[in-house]
Amino acid sequence: MRISVMSQMQRSFSIDLPSLIPLQLPSRRHVPHPTFWLIGFEAYLLSQTEKDGVDQMRGDELKKNALLARTLVRTTVARYQTNKEVDPRSLMFKKNVYGKPEVDWQNCKNCNHQPLHFNISHTDSLIACGVTVHVPVGIDVEDKERKIKHDVLAFAKRFYSADEVNFLATIPDPEAQRKEFIKLWTLKEAYVKALGKGFSAAPFNTFTIQSIPGTEEGYSLCKTSEVTADPLEETKKCNGEWKFAPLELADSHYAAVCIEDDQANEGAPMRVIVRKTIPFVEDQLISERIFL
Amino acid sequence: MASLSTTSLSFKAPSIQSTTTRIYQVLRKASSFQSISFGRFQSSKRLRLQISCAAKPETVQKVSDIVKEQLALSADTALTAESKFSALGADSLDTVEIVMALEEKFDISVEETDAQNITTIQEAADLIEDLVQKKPAACSIVELEKVMFYQRCISSLV
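Residue numbers (UniProt numbering), protein chains in the order written: chain H, 1 to 292; chain X, 1 to 158.
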């Protein structure tokens, strides 16, 4: 049985999300054989576009993953509806002008328009969906043990910013260096996904994500400006517009969540709630933490 | 309108051996061009070149091999030029690693914006060929201008 992990964030001062409404399969009581269960989901939950997307995947494992990802998104977003249960089937999705998936509230019958944002990321063995209220969110997960085929520093020099390369270069142990590289990848990827404008809007070498001195898990985003007349002087613009939460999931994955800090709540801490879920079957609270 | 193919070229004035040799050298360099045709030649200044640049099957095959290796696909996985990276299970980190491997293999440098726009094997192969051709192409155009100039001289003598 594939395990999915869901991650949900809430601003401290935003509207309280209602308690999760449990979902039940309409007619079955027991959970049938996993393969049939998945086939049942595909027929039951997904739109035609999503089914086509699943069919495009080459190989059974990838098809299952794609199916589970869509199932997780639909069921997760449906659970955060106020006032009444919403059939996850009735949710509609669209892509923004840059291709980022988002909920299409206008075309959804029986939905209340919610200021909900979501983003998903998956690896071979873990799918994560992040949900926020009011602010855009980006999430990325990577297997901790993922091997990089190229030399880590060469890779970083090619794609990361100069400061990040310098940071990685100071780590003597290659294994620790690889792990920090992956953590940094998830943070950068989460930012680009939260931005939602495609990768060309924020090439990886134009911004630095660095840890905030004095904090264990605080990260801030600094943008490297254009090359100035004096190549030695590289001005950096670090602002608090984007908040990061690095996580470890299921002991096997690094994850990073990035949200835009809207002006109203500038500086307020970010509360991150992590739940582990099998849609329709199981739901388990894993952690609830504050990130500054 | 003159049209050159890489396989044959003939001059009316056989006495200009050195020029002929020069032209063949140029054409050998430009052997990666599928076909070249010249627009109407008004003066020796601007030369309009039309080059068709569909990626060669060998390039597509090399890209497929790199993709298979990066994504750890079995050797008998059938990949077509239209195969999408995402459909093969590649995430963004895989795509970037594939681009790095292609840069090493073909000795090219891919802009980050181009790198992220590659979604299929065909697109990768087309971009590679485009970048590979850009390197000798500049020389060849200059050479070909000289060639056309010589040719005009020759035909005006005859």
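Cβ coordinates follow ideal geometry from the N, Cα and C atoms, glycine included.
query, result
"Let me know the secondary structure DSSP gives GLU248 (chain H) once reduced to three states.", "strand"
"With DSSP collapsed to three states, give me the class of ILE118 (chain X).", "coil"
"With which residues is CYS108 (chain H) paired in a DSSP beta bridge?", "In the DSSP output, where bridge partners are listed per residue, CYS108 (chain H) has none listed."
"In chain order, which continuous runs of the beta strand (DSSP E) of length 3 or greater are located wholly inside the stretch 261 to 287 of chain H?", "270 to 278"
"Quick check on DSSP: helix, strand or coil for THR77 (chain X)?", "coil"
"Identify which residue in H:GLU145, H:PHE118, H:LYS149 and H:ALA128 has its Cα closest to the Cα of HIS134 (chain H).", "H:PHE118"
"Since PHE93 (chain H) contacts VAL86 (chain H) with CB under 8 angstroms, what's their CB separation in whole angstroms?", "At roughly 14 angstroms, the Cβ-Cβ gap does not stay under 8 angstroms, so PHE93 (chain H) and VAL86 (chain H) are not in contact."
"Starting from ARG58 (chain H), find everything on chain X with Cβ-Cβ shorter than 7 angstroms and list it in chain order.", "ALA87 and LEU88"
"So, is the C-beta of GLU123 (chain X) closer than 7 angstroms to a C-beta in chain H?", "no"
"I'd like to know if LYS51 (chain H) contacts chain X, where contact means its C-beta is closer than 7 angstroms to some C-beta of that chain.", "no"
"Out of curiosity, what's the CA-to-CA distance linking ARG74 (chain H) and THR170 (chain H)?", "43 angstroms"
"Are the stretch 142 to 149 of chain H and the stretch 201 to 216 of chain H in contact at 8 angstroms, needing three or more beta carbon pairs?", "no"
"From CYS258 (chain H) to PHE204 (chain H), what does the alpha carbon distance come to, in whole angstroms?", "15 angstroms"
"For the 8 angstroms Cβ check, are there 3 or more pairs between the stretch 172 to 188 of chain H and the stretch 276 to 292 of chain H?", "no"
"Near GLU61 (chain H), which residues of its chain fall below 8 angstroms by C-beta distance, leaving aside the five closest residues on each side in sequence?", "ASP124"
"Classify ARG70 (chain H) as buried or exposed, calling it buried when 16 or more other Cβ atoms lie within 10 Å of its own Cβ.", "buried"
"Starting from the beta carbon of PHE155 (chain H), find every residue of chain X whose beta carbon is closer than 9 angstroms, and list them in chain order.", "VAL96, GLU97 and MET100"
"Which of the three DSSP states is assigned to LYS95 (chain H) in this structure?", "strand"
"For GLU260 (chain H), I'd like the list of residues in its chain whose CB is within less than 7 angstroms of its CB, leaving aside the five on either flank, ordered along the chain.", "VAL135, PRO136, ALA194, GLU241 and TRP242"
"Apply the 10 Å Cβ neighbour rule to PRO279 (chain H) and answer buried if 16 or more other Cβ atoms are within range, or exposed otherwise.", "buried"
"Answer with yes or no whether the minimum CB distance from GLU82 (chain X) to chain H is below 7 angstroms.", "no"
"In this structure, does DSSP put VAL110 (chain X) in helix, strand or coil?", "coil"
"Measure from the alpha carbon of VAL60 (chain X) to the alpha carbon of each residue in X:LEU131, X:LYS134 and X:GLN122, then state which is nearest.", "X:GLN122"
"Check each candidate in H:THR224, H:CYS238 and H:ASN239 and name the one with the smallest Cα separation from ALA162 (chain H).", "H:THR224"
"Let me make sure I understand the geometry here. Which of H:SER220, H:LYS95 and H:LEU116 has the alpha-carbon closest to that of GLY196 (chain H)?", "H:LYS95"
"Any Cβ of chain X within less than 7 angstroms of the Cβ of HIS150 (chain H)?", "yes"
"Taking the alpha-carbon positions, what's the ASP55 (chain H) to THR49 (chain H) distance?", "10 angstroms"
"Are any of the Cβ atoms in chain X nearer than 7 angstroms to that of VAL274 (chain H)?", "no"
"For ARG289 (chain H), would you say it is in contact with chain X, using Cβ-to-Cβ distances shorter than 7 angstroms as the test?", "no"
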